[in-house]
Amino acid sequence: MTDRPRRQQTRKRDEAFVYDSELLADLLDSRAAPAAKRGKRASSTAATTLQQDDSDSMHSNSDAGTASSDHEDEEEDVGDKEEEGVDLDAPLSEAALDEVHQMALESLGERTQKDYAIIITALRRWAAAGGFKKGTKPASLDLGSMPKKQVANLLYRFFDWWIDGKPGDPVQGGSANRELGRSAAMKVHSALQKLLDGCCCRVSADSYALKDINPYKGLYKKYCSKKRDKHLVAAAAASDVGLARAAHLHQSFGRETYLLGCRRLLASADHGNAMLLSMFTSQVSMVARGDDLRSRRLLDLSTRMMACVGPSMAVAITVMQPPGTGKTLVTRPAFKGILRNKLPEMCAVGALARWLVVRIALQAEAIPKPGSKSWKQFHLWYGRAGEEMSRNNHGKLMAQLFADLGVETAKLTHEMRIFATQLMYEMGVSLEVIQRIGAWLLDPFGTAYIVPGFTAEALLALALWPGAAQKDFTGYWAERFHAAVPEELVQLLMPGLAALEQAVAAATAAGKPSAVADNLARLLRMLAVVVVQDALELADRYPDNPVHRMLLQNDRFKLLLESYKLAKCAGTFEQQRPLVQQQQHRRQRGRLTRLQIQKCSCS
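What follows is the structure in structure tokens.
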């Protein structure tokens with residue numbers, strides 16, 4: 020089954036800004052219907068009166084019939100008097116017109132309404148500031164009372180200003196690159212068309228299509244036409260960049276580029292790069308869209324045991340997407356999973372844990388108390404003033420990261436999904452599993468009875484563990500997973516965790532357990548352990564990382580690091596290796612030994 024909710028939202032978005040004349044026609048019909056009914060009743064009354072006069076002349080002695088006719092005449096006279104008090108041909112009131120416009124707005128999706136509100140708000144700022152040009156007077160936005168040519172000129176100048184990167188706008192500034200994609204251009208056009216429809220509706224005027232009036236018509240054809248994609252592909256194919264720049268699938272962003280980006284961010288001492296690394300790896304590991312990622316909060320995280328993975332069990336991170344916050348599911352929550360990566364540099368769990376340590380331990384941000392206001396507003400990747408990161412900010416961060424990596428593509432925020440999908444496909448994961456975990460395939464079974472985001476083979480493949488497609492889950496093993504972490508280091512990385520755990524224990528003893536608080540305590544403890552275990556492999560190679568620098572200054576961690584290296588060289592952790600891997604490891608060592616003996620004998 021295809022992604023029906025996604026298709027419905029796309030259809031709604033494409034058709035949202037066609038003038039909704041049906042709603043207005045319905046109200047006009049309802050206004051005209053009483054008038055038609057009154058005319059029909061008047062003619063019926065006249066016919067009845069004539070018939071009654073004839074009956075009276077022929078049967079003057081029929082008192083009962085006469086009384087009945089008089090009673091009917093009185094009822095119709097009363098009805099006519101009531102209708103005479105209402106002017107049925109009067110225009111709709113301003114309140115009624117606003118109601119029509121509001122009905123049209125409510126037919127849009129919630130996210131679509133927010134997107135168009137941003138554009139219309141920018142238009143009002145632009146008009147009030149005279150287009151952000153010196154010496155220019157503010158422009159009127161009473162579009163319904165203006166001539167069509169004047170409206171087209173005004174909105175053309177705003178559209179061109181938006182394409183230029185909104186120069187001069189203090190709220191949403193940008194660069195003048197004039198490379199606005201068709202999808203973004205259509206969104207701006209649709210918002211302007213919707214605004215025009217509402218203005219015309221309020222003055223009881225007929226709306227019209229902006230795309231048919233010059234000079235707006237030329238700008239619409241250039242940036243909103245479907246033929247533009249073909250021209251971009253042809254131009255890119257003829258350029259030095261090649262066809263890949265116009266295509267969504269960009270082959271230069273592969274495993275090596277991904278690893279390079281992770282290593283660069285991990286080596287940085289900047290706290291902002293710790294957040295960017297967490298976003299980067301999480302979006303790949305969850306096969307997530309940017310909109311699915313930006314709104315995630317700490318309360319959306321939990322732990323989940325996967326008994327089918329590893330020699331015993333694997334602890335994974337569960338990320339919940341509440342209903343209505345993503346682009347696919349509206350009425351049901353969606354769940355994504357993240358498993359620890361084979362390579363600690365590319366581990367999304369470790370990157371998220373380090374970012375939380377930066378906030379809680381280094382930036383002194385208090386652990387939120389469950390049920391408090393800060394608990395509900397603790398965004399994993401925040402934007403301005405601690406609020407949810409905007410789409411524009413997320414796009415800029417990713418664009419800068421891709422520019423540093425030398426990757427050029429038409430759809431930056433899709434590259435992580437493309438890379439994750441290609442990675443699973445190359446490792447042999449079935450197409451159905453890929454489609455379900457990426458929310459391309461949605462059906463009642465996949466949204467109500469199973470958790471597609473927690474398919475073992477997909478999570479293992481995304482974390483680069485071998486044997487995922489063959490459902491051989493014994494390969495999930497690493498020495499760092501078995502290093503015991505002292506309590507002193509856990510409390511160092513998560514100050515305030517002990518108080519939270521004590522509060523959870525006290526509430527449980529009092530017979531008032533809090534599942535939310537207990538989950539938060541277990542989650543933060545697990546993440547602190549992950550940070551220390553990954554640092555045993557990474558601290559020496561990336562000493563400038565702020566979390567590693569803090570750990571390397573701690574004597575307890577230095578002793579742990581030294582003992583870990585000795586145990587690893589002595590093969591102490593080999594006893595924890597799965598039996599199948601032990602046999603393979605012994606065979607490899609036996610082959611190496613035989614090769615060494617042969618070389619010695621030949622020499």
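Numbering (our numbering), first residue to last: 20 to 622.
Think of the CB as a built atom: it goes at the ideal place given N, C-alpha and C, for glycine as much as any other residue.
Because the structure is a prediction, the values reported are computed rather than measured.
Can you check the region 180-224 for any alpha helix (DSSP H) of at least 4 residues that lies completely inside it and give the ranges in chain order?
201-221
Which same chain residues end up closer than 6 Å to VAL535 when comparing Cβ atoms and leaving out the 5 residues on each side of it in sequence?
PRO389
Between ALA475 and ASN360, what straight-line distance do the alpha-carbon atoms span, to the nearest angstrom?
13 Å
Rounded Cβ spacing between GLN510 and ALA503 (contact assumed at less than 8 Å):
Contact flag wrong, Cβ pair sits at about 15 Å.
The region 291-303 touching the region 364-375, judged by at least three CB pairs closer than 8 Å
yes
TYR401 - DSSP class collapsed to helix/strand/coil:
Here DSSP, grouped into helix, strand and coil, assigns TYR401 to strand.
For MET339, three-class secondary structure by DSSP
strand
Nearest CA to the CA of THR322: which residue from TYR135, GLU498, PHE473?
PHE473
CB-CB under 6 Å to ARG499, same chain, minus the five flanking residues each way: which ones, in chain order?
Contacts found: GLN552, LEU555, GLU556.
Could you name each continuous alpha helix (DSSP H) segment of 4 residues or more that falls completely within the region 568-596, going from the start of the chain to the end?
574-589
Quick one: what does DSSP say MET408 is sitting in, helix, strand or coil?
coil
Under 8 Å, do ARG410 and ARG316 count as touching if we go by C-beta distance?
no
Just grab the DSSP bridge partners of VAL334 for me.
MET324
For LEU318, which of ALA385, HIS398, ARG130, ALA171 has the nearest alpha-carbon?
In terms of Cα proximity to LEU318, the closest of ALA385, HIS398, ARG130, ALA171 is HIS398.
Report yes if the C-beta distance between ALA353 and ALA439 is below 8 Å; otherwise report no.
no
Pull up the DSSP beta-bridge partners for LYS490, would you.
DSSP, once it has assigned bridges, lists no residue as partnering LYS490.
Run of the beta strand (DSSP E) containing GLY356, from where it starts to where it stops
353-357
Just how far apart, CA to CA, sit VAL207 and SER159?
19 Å
Nearest-angstrom Cβ-Cβ length linking SER297 and LEU362, presumed shorter than 8 Å:
With a contact defined as Cβ atoms closer than 8 Å, SER297 and LEU362 miss out at about 16 Å.
Based on the DSSP secondary-structure assignment, which residues constitute the bridge partners of ARG316?
HIS398
Counting Cβ pairs closer than 8 Å, one from the region 236-245 and one from the region 377-395, do we hit at least three?
no
Hey, how far is the Cα of GLY465 from the Cα of LEU320?
21 Å
Which residues in the same chain as LEU508 place their Cβ atom closer than 8 Å to its Cβ, once the five residues preceding and following it in sequence are excluded?
ALA547, VAL551, LEU570, ASN573, ARG575, PHE576, LEU579
Under DSSP, the alpha helix (DSSP H) around ASN292 begins and ends at which residues?
Following the DSSP letters along the chain, one finds ASN292 inside the alpha helix (DSSP H) bounded by residues 290-304.
Determine the direct distance from the alpha carbon of LEU539 to that of MET380, and round the result to whole angstroms.
Here residue 380 turns out to be Ala, not Met, going by the sequence shown. Approximately 16 Å between the Cα atoms of the pair.
LEU519 to ARG541, Cα distance in whole Å?
In a straight line, the C-alpha of LEU519 is about 10 Å away from that of ARG541.
Which one or two residues does DSSP pair with GLY472 in a beta bridge?
LYS355
Taking the Cβ atom as the reference point for each residue, do VAL338 and MET324 lie within a distance shorter than 8 Å?
No, Cβ-Cβ distance for VAL338 and MET324 is not below 8 Å.
Rounded straight-line distance, which links the Cα of LEU450 to that of GLN441:
Roughly 11 Å between the two C-alpha positions.
Roughly how many angstroms separate the alpha carbons of ASP161 and ALA210, rounded to a whole number?
16 Å
Output the boundary residues of the alpha helix (DSSP H) element that contains ILE437.
Residues 434-445.
LYS241 to ALA228, Cα distance in whole Å?
16 Å
CA-to-CA distance, ILE453 to ALA529, given in whole angstroms
Each residue's Cα considered, the two are about 46 Å apart.
Rounded to a whole number of angstroms, what is the C-alpha to C-alpha distance between LEU215 and SER202?
20 Å
Whole angstroms are fine: how far does the CA of ALA148 sit from the CA of CYS220?
The C-alpha of ALA148 is placed about 26 Å away from the C-alpha of CYS220.
Classification of ALA477 by the beta-carbon crowding that lies within 10 angstroms, buried from 16 upward:
In the assembly as shown, ALA477 is a buried residue. Its beta-carbon has 16 or more other beta-carbons within 10 Å.
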